[in-house]
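Start counting the sequence shown at 9; every next residue gets the next number (this note's numbering). Heads up, the beta-carbon is just placed ideally off N, CA and C, and yes, glycines get one too. Quantities reported herein were computed from a predicted structural model and do not represent experimental measurements.
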Amino acid sequence: MPGPSPTQKRPALPWKTRCSIFLLNAITDFSSRPNGTVNRSAFRLIDSAGFKVPPNPKPRRGVTTSDVSVDPSRNLWFRLFTPAGPPEKSGSGSGQNRLPVVVFFHGGGFVYLAPDFKGYDHVCRRFAREVPAVVVSVNYRLAPEHRFPAQYDDGFDVLRFLDDRADVLPPIAEVSRCFLAGDSAGGNLAHHVLGVVAIQPFLGGEARTKSEMELDGIDPIVSMSRTDWVWNAFMAPGPGIDRDHEAINISGPKAVDMSKLNFPATMVVVAGFDSLKDRQTNYYEWLRKSGKEAYLVEYPNMIHAFYVFPEIPETTHLISSTKHFIDDQCSKLVN
9 MPGPSPTQKR
19 PALPWKTRCS
29 IFLLNAITDF
39 SSRPNGTVNR
49 SAFRLIDSAG
59 FKVPPNPKPR
69 RGVTTSDVSV
79 DPSRNLWFRL
89 FTPAGPPEKS
99 GSGSGQNRLP
109 VVVFFHGGGF
119 VYLAPDFKGY
129 DHVCRRFARE
139 VPAVVVSVNY
149 RLAPEHRFPA
159 QYDDGFDVLR
169 FLDDRADVLP
179 PIAEVSRCFL
189 AGDSAGGNLA
199 HHVLGVVAIQ
209 PFLGGEARTK
219 SEMELDGIDP
229 IVSMSRTDWV
239 WNAFMAPGPG
249 IDRDHEAINI
259 SGPKAVDMSK
269 LNFPATMVVV
279 AGFDSLKDRQ
289 TNYYEWLRKS
299 GKEAYLVEYP
309 NMIHAFYVFP
319 EIPETTHLIS
329 STKHFIDDQC
339 SKLVN
């Protein structure tokens, strides 16, 4: 199934977004060595460029933030986003003012970025304020220093930590209404952990898709050369290992038989100028054919990761769609 068709030849982006993308691409490309390693010192230029945000216990845009350590030995932690002031009803129909918990896995191709990246701090802050919800944004280990399945192990361990240590969450958090969300590489992770909100999931495969070939050089963030580099960094080579591995090509020839699994409802977000859109819509179709409840939200003229740029207005619609999805699922728990 092809992804949404843009109504224009190239994405129309604000100048601020274009400047941010240019700078981020320059730093990531410079940091990505030909031998498959990452120059982390060079990548820290992102910090000095103002892309890193510290936690703030004082309300900022209606949300407080704090960083919670899970396992210091592997730098496993999460940023906690808590709406400030009296919580609104979450739409669960329970009559209680406790909020759902959204565990968020950031993007960056499994190689780059963290919860304190400005774009993810912004979008998680909006999720917390506007859904509203208590958001847990996970700092998982990055490839190539830590290859698959380290990222998935970290995701599971954070969920176990929250199950055992629910006291680290604010009293307004309702852990029984827990949603998993992620964007790009994080959307891939969310699928493998529990998976409900997959925002432009970062998926691959041996064969090129039509959108990958047609949008190469037009998609300002995702290119075939970058995805090739990232997948090589993500998974160590070995017998029987290729890009149709079920961790990369989730709905591909080696896919798990989802029809026999109790998998929750899933919202899949796709954009017209994202070169991965065909893989994402195939993932949505695979869920539907497997008998799972799935919803497709399309943005025909948007790029990969458009929501991390605050100046792009479509982000507001994405937050609203996510709120509607979470409210709808919460209402089913009590009805």
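| Query | Result |
| --- | --- |
| Helix, strand or coil: how does DSSP classify GLU306 here? | strand |
| DSSP three-state label for VAL230, please. | coil |
| Between VAL166, SER145, PRO108, which lies nearest to SER74 when the distance is taken from Cα to Cα? | SER145 |
| Quick one: grab the DSSP three-state call for ILE334. | helix |
| What do you get for ARG69, buried or exposed, if any count of 16 or more other CB atoms within 10 angstroms of its CB means buried? | exposed |
| Find out if the Cβ-Cβ distance for the pair PHE125, ALA189 is shorter than 8 Å. | no |
| Pick out whichever of SER40, ARG82, PRO42, PRO108 has its Cα sitting closest to the Cα of ASP336. | PRO108 |
| May I ask you to report which of helix, strand or coil DSSP gives ALA313? | coil |
| Could you say which of GLY11, ARG52, THR274 lies nearest to ALA302 if we only look at CA atoms? | THR274 |
| Return helix, strand or coil for PRO323, following the three-state DSSP convention. | A small fix is needed here, since residue 323 is Thr in this sequence, not Pro. The answer is helix: DSSP assigns THR323 an H, G or I state. |
| Quick check on the burial criterion: 16 or more other C-beta atoms within 10 angstroms. Buried or exposed for ALA20? | exposed |
| Using a Cβ distance threshold of 8 Å, determine whether the segment 129-138 contacts the segment 44-59, with at least three qualifying pairs required. | no |
| Secondary structure at THR235, three-state DSSP: helix, strand or coil? | helix |
| Hey, THR36 and TYR120: beta-carbon distance below 8 Å or not? | yes |
| Relative to the alpha-carbon of PRO91, which residue among PHE242, ALA215, PRO140 has its alpha-carbon at the smallest distance? | PRO140 |
| Could you tell me which of SER328, PRO42, THR217, CYS186 sits nearest to VAL344, measuring between CA atoms? | Given that the chain is displayed from residue 9 to residue 343, the structure contains no residue 344 and the question cannot be resolved. |
| In the DSSP assignment, find the beta strand (DSSP E) that holds GLY2 and state where it starts and stops. | Here the chain comprises residues numbered 9 to 343, so residue 2 is not present and cannot be evaluated. |
| By Cβ distance, which residues of its chain are closer than 7 Å to VAL46, with the 5 residues on each side in sequence left out? | SER39, SER40, VAL119, PRO152 |
| Under the three-state reduction of DSSP, which class applies to ASP250: helix, strand or coil? | coil |
| Have a look at LEU284 and TRP239 and give me their C-alpha separation to the nearest angstrom. | 14 Å |
| The alpha helix (DSSP H) that contains ALA34, what's its start and end? | 23-39 |
| If you check the beta carbons only, do THR235 and PRO10 fall under 8 Å apart? | no |
| Does the separation of the CB atoms of PRO245 and ILE29 fall below 8 Å? | no |
| Going by C-alpha distance, which of PHE317, TRP85, SER267, ILE54 is nearest LEU31? | ILE54 |
| Between which two residues does the alpha helix (DSSP H) carrying SER49 extend? | 48-51 |
| Would you report the Cα separation of ASP175 and LEU167, rounded to the nearest angstrom? | 13 Å |
| Under the rule that 16 or more other beta-carbon atoms within 10 Å means buried, what is HIS325, buried or exposed? | exposed |
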